[in-house]
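Note that my numbering has the sequence shown beginning at 1, numbered continuously upward. For every residue, glycine included, the Cβ atom is placed at its ideal position computed from N, Cα and C.
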Amino acid sequence: MKLQDITPLLSYTFSSEKELLDTIKEIGHNFTLNRREIGKYTQDEKYVSAYACFYLLTNIPKLKAALEKINLFKNELSSYEIIDIGMGPGTFSMALFDLDPHLDVVGIDSSFPMIKQAKKFIHYFYPTGQFKALHISELAQIKKKSKPRLGIFGHSANEMDDERVIDYCHQLELDRVIFIEPGTKDFFEKMIRLRTRLLENFNILYPCLSNLNCPIAKDDWCHQYLKVSHEVDVERISQLLHKDRRNLPIIIHDYAKKNNVQKEQAVRLIRVQPRTKFSFEWVGCCSFEKKNKILEMQIMTRRYKKSKIKELQKTLAGDLVFFKAEQNLPDGKIRGELIEF
Ligand SMILES: C[S@@+](CC[C@H](N)C(=O)[O-])C[C@H]1O[C@@H](n2cnc3c(N)ncnc32)[C@H](O)[C@@H]1O
Numbered sequence: 001m002k003l004q005d006i007t008p009l010l011s012y013t014f015s016s017e018k019e020l021l022d023t024i025k026e027i028g029h030n031f032t033l034n035r036r037e038i039g040k041y042t043q044d045e046k047y048v049s050a051y052a053c054f055y056l057l058t059n060i061p062k063l064k065a066a067l068e069k070i071n072l073f074k075n076e077l078s079s080y081e082i083i084d085i086g087m088g089p090g091t092f093s094m095a096l097f098d099l100d101p102h103l104d105v106v107g108i109d110s111s112f113p114m115i116k117q118a119k120k121f122i123h124y125f126y127p128t129g130q131f132k133a134l135h136i137s138e139l140a141q142i143k144k145k146s147k148p149r150l151g152i153f154g155h156s157a158n159e160m161d162d163e164r165v166i167d168y169c170h171q172l173e174l175d176r177v178i179f180i181e182p183g184t185k186d187f188f189e190k191m192i193r194l195r196t197r198l199l200e201n202f203n204i205l206y207p208c209l210s211n212l213n214c215p216i217a218k219d220d221w222c223h224q225y226l227k228v229s230h231e232v233d234v235e236r237i238s239q240l241l242h243k244d245r246r247n248l249p250i251i252i253h254d255y256a257k258k259n260n261v262q263k264e265q266a267v268r269l270i271r272v273q274p275r276t277k278f279s280f281e282w283v284g285c286c287s288f289e290k291k292n293k294i295l296e297m298q299i300m301t302r303r304y305k306k307s308k309i310k311e312l313q314k315t316l317a318g319d320l321v322f323f324k325a326e327q328n329l330p331d332g333k334i335r336g337e338l339i340e341f
């Protein structure tokens, strides 16, 4: 979606590009450095509009890329009644309607200015979608249908305390819950606490390969990467703000009532280092002998054709590979080969 498409629908009209950029910078500052002021941007139409011009537009493509990572395909979405929790100006609801304009989506938020903006966008761009935007005081209006319920937290669990997130999962009777949240160490710590709570009622489908304990060391963290692209006028704003919104660290977690069935030798990549002259050096997590374990892999490039190496160079943290271990190296790494599936 282009910036020029949403501009006429904004709740607030910016007098100049400078005013817009300054307002986005202020929001960004509060997100990263001044988290005590984090809620401020949701209460004022000027901030909500600036959020939409930058964060909504650059977050929309993340949903499709994240669903691809977790293998939730476009045609499966209509089998769910979807709740966009902390929808903001409608970011992921819009991304969902881009994938299938006939989906059944309810967006909820604690901010009235955000809800107003979301309604404007969605009624204008996706008139055929079954969309309801509700304030969190109106949750009783969401009646359980026969379809299973999928809840999506998009950059919103990050603004809620743990108890609130868990309450939503129970209160909204979710059958599946997906988190698409900032790829920061702080959020990882929160996600690990939430993981423990969620595993009381759900199984984890992504990124972990089993419900067993997370093996990540205390000072380390696990996140994924998404590569996305934007319209020219959105990219221009990103460049003026000196923010790269195309290569995005992200934390994606997916929980469901159904079981997680993993193939043998599966490894979820946690860190993809730049290729060395002779090898790919990747760190991954695997489930082995009733434990989730960290695996430092070395994959020699000489075994592969140029075209395969080119393909492997596109590998990102968060991808799944299948690895056959062959040799323990003195530095603790394991040399082996990738298995095709
Ligand atoms: C960073 S925005 C994310 C908006 C949108 N999901 C996105 O990805 O761009 C976080 C949103 O969560 C909402 N929020 C914060 N606390 C909430 C709560 N307890 N219940 C519902 N929404 C909440 C805020 O009002 C805000 O709109």
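At a Cβ-Cβ threshold of 8 Å, K290 and L212 count as neighbours.
For M300, the beta-bridge partners assigned by DSSP are S279. Distance from the CA atom of A217 to the CA atom of G129, rounded to whole angstroms, is 44 Å. E181 sits buried, since 16 or more C-beta atoms from the chains shown fall within 10 Å of its C-beta. No Cβ-Cβ contact shorter than 8 Å links Q117 with G183. Cβ-Cβ separation between V228 and A95: approximately 11 Å, too far for a contact (criterion under 8 Å). Inter-segment contact for the stretch 241-260 and the stretch 191-200 is present: three or more beta-carbon pairs are separated by less than 8 Å. Listed in chain order, the non-local C-beta contacts of V283 below 6 Å within the same chain comprise I270, R271, E296, local neighbours out to five positions each way being set aside.
Among the bridge pairs identified by DSSP, C286 is matched with K293. If you ignore the 5 residues before and after I136, its C-beta comes within less than 8 Å of the C-beta of I108, D109, S110, all in its own chain and listed in chain order.
By the neighbour-count criterion, in which a residue is buried when 16 or more other Cβ atoms sit within 10 angstroms of its Cβ, T42 is buried. Note that the stretch 41-61 touches the stretch 4-16; at least 3 beta-carbon pairs, one per stretch, sit closer than 8 Å. Contact between the stretch 112-126 and the stretch 141-158 is absent: fewer than 3 CB-CB pairs across the two stretches fall below 8 Å. For A50, DSSP assigns no beta-bridge partner whatsoever.
When the beta-carbon positions are compared, T301 and F278 come within less than 8 Å of each other.
Taking all protein chains shown into account, L240 has fewer than 16 neighbouring C-beta atoms within 10 Å of its C-beta and is therefore exposed. Within its own chain, the residues whose Cβ lies closer than 7 Å to the Cβ of L338, once the five positions on either side in sequence are excluded, are I299, V321, F322, F323, listed in chain order. Of all alpha-carbon atoms in I166, V105, I178, the one lying nearest the alpha-carbon of K147 is that of V105. Taking the C-beta atoms as reference points, E200 is found no nearer than 8 Å to R149.
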